[in-house]
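Here's the structure we're looking at; comments come further down.
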Amino acid sequence: MATLSTSSLLWIHSPKPISPKLALFTATRFFTPKKSSSIVMAAPPATTATEVVPAIIVGGGRVGKALQDMGKGDDLLVKRGEAVPLDFEGPILVCTRNDDLEAVLEATPKSRWNADLVFFQNGMLEPWLQSKGLNDAEQVLAYFAVAKLGEPPIDGKTDTNPEGLTAAYGKWASAIATRLNAGGLSCKVLDKEAFQKQMLEKLIWICAFMLVGARHPGATVGVAEKEYRSEVSSLIAELASAAAAEKGITFEEAMEDRLCAYSRAVAHFPTAVKEFKWRNGWFYSISEKAIAEGKPDPCPLHTAWLKELNVV
């Protein structure tokens with residue numbers, strides 16, 4: 026992949042160090058064999074640009090511009106401070122930074138919140154979404170890279186997932202997949218349970234790889250995967266166990282392989298613990314809750330390394 030930015034690689038990385046990602050877990054009670062039934066449908070390649078549903082695109086950065094370029098010229102780009110119209114039908118693709126989401130809601134007619142908003146952000150959005158009454162919010166896990174504004178995106182395909190990792194969930198998921206296909210990108214349409222598992226895997230990847238890399242100044246994602254694999258593996262196991270227990274889910278087997286393969290695909294990404302509230306902060310809150318209840322910290326390595334770096 027090209028040089029990325031966390032804001033432009035949804036998973037998207039930016040020239041600035043942006044966030045964490047990760048790699049392993051083998052305790053069988055947290056995994057089940059991979060099931061193709063979790064995929065509601067595999068989006069077929071778009072045949073013509075006319076199939077792309079017009080959309081409102083909120084955010085004119087790398088990702089927003091790339092999505093606009095995949096359309097047929099009838100999308101509406103909404104920039105910072107502008108209102109989202111009530112009468113423009115279709116999905117509302119939110120491509121802003123996480124900390125701008127409050128402003129996006131304020132600028133969007135409430136009647137469209139649950140009906141049309143589609144969130145492209147990285148990290149754990151669930152607590153925030155639920156606090157806004159968006160319990161069934163539509164989301165996209167974007168594993169593609171946009172190196173520079175206006176350049177075509179690069180698909181985040183890996184040696185373990187050559188079909189691509191990008192996934193969408195919700196009413197507009199098929200329309201999103203068609204748009205991405207028109208831009209030469211892959212996209213799976215998943216049901217809610219399958220999407221949540223993949224979202225958590227990506228969160229673990231971000232949190233684990235960024236934290237391990239940050240412990241070793243100058244380490245890229247690739248260096249963390251190659252030279253500090255044991256640290257990454259231990260942290261992934263810890264975070265996967267905590268996430269599985271917290272959400273009452275069972276992850277599919279070979280998580281470490283999938284996440285390390287993605288790390289090799291984006292090996293040059295810098296590492297740094299960023300957007301704590303939306304990423305590592307979710308796991309740290311699980312630790313705090315357990316400790317407050319007199320229970321052992323379910324993520325002791327994670328907590329210790331955050332303290333080592335003065336993040337908490």
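Offset between the sequence shown (1-based) and my numbering: plus 25.
Built from N, CA and C at the ideal position, the CB exists for glycine as well.
- LYS320 and HIS327 have their C-alpha atoms roughly 16 angstroms apart.
- Nearest Cα to VAL103 within the set GLY85, LYS332 and LYS213: GLY85.
- Of the residues assessed, GLU333 falls on the exposed side of the cut-off, its CB having fewer than 16 other CB atoms within 10 angstroms.
- Across the structure, SER211 and ALA170 are spaced so that their CA atoms are roughly 12 angstroms apart.
- Annotation: ILE201 to LEU174 spans about 20 angstroms, alpha carbon to alpha carbon.
- Restricting attention to PHE234, LYS222, GLY273 and ARG304, the CA atom closest to the CA of ARG254 is found in PHE234.
- Around the C-beta of ASP99, fewer than 16 other C-beta atoms lie within 10 Å, and the residue is accordingly described as exposed.
- At the C-beta level, VAL336 and PHE301 come within 8 angstroms of one another.
- Contact annotation: GLY195 and VAL119 have beta-carbon atoms that are not nearer than 8 angstroms.
- At a Cβ-Cβ threshold of 8 angstroms, ALA267 and PRO323 count as neighbours.
- As for any alpha helix (DSSP H) of minimum length 4 sitting wholly inside the segment 149-222, the runs are 151-156 and 198-207, ordered along the chain.
- Annotated three-state conformation of VAL257 is helix, per DSSP.
- Of all alpha-carbon atoms in LYS135, GLU226, ASP216 and ASP180, the one lying nearest the alpha-carbon of ALA265 is that of GLU226.
- Excluding five sequence positions before and after GLU107, none of the CB atoms of its chain fall closer than 6 angstroms to its own CB.
- For the pair VAL109 and PRO134, the CB atoms are nearer than the 8 angstroms cut-off.
- Using a C-beta cut-off of 8 angstroms, the segment 144-158 makes no contact with the segment 234-251, since fewer than three inter-stretch Cβ pairs fall below that distance.
- Looking at the backbone, the Cα of GLY148 and that of GLY115 are separated by about 25 angstroms.
- Of the other Cβ atoms in all chains shown, 16 or more fall within 10 Å of the Cβ of GLY96; this residue is therefore buried.
- Counting only residues of its own chain and dropping the five nearest sequence neighbours on each side, THR191 has a CB closer than 8 angstroms to the CB of VAL165, LEU166, ALA167, TYR168, PHE169, ASP180, GLY181, LEU205, LEU210, SER211, CYS212 and LYS213.
- Excluding sequence positions up to five before and after GLY189, its CB lies within less than 8 angstroms of the CB of TYR168, ASP180, GLY181, LYS182, LEU210, SER211, CYS212 and LYS213, all in the same chain and listed in chain order.
- Per DSSP, the continuous alpha helix (DSSP H) segment holding VAL248 begins and ends at 246-252.
- Per DSSP, the beta-bridge partners of VAL83 are VAL103 and VAL119.
- For ASP141, the number of other beta carbons within 10 angstroms of its own is at least 16, and it is reported as buried.
- With respect to ASP161, ASN139 sits close: the two C-beta atoms are nearer than 8 angstroms.
- Taking the Cα positions, ILE311 is about 8 angstroms away from GLU271.
- One Cα belongs to GLU76, the other to ALA315, and the distance between them is close to 50 angstroms.
- Assignment of VAL143 by DSSP, reduced to helix, strand and coil, places it in the strand class.
- Under DSSP, PRO295 shares a beta bridge with THR245.
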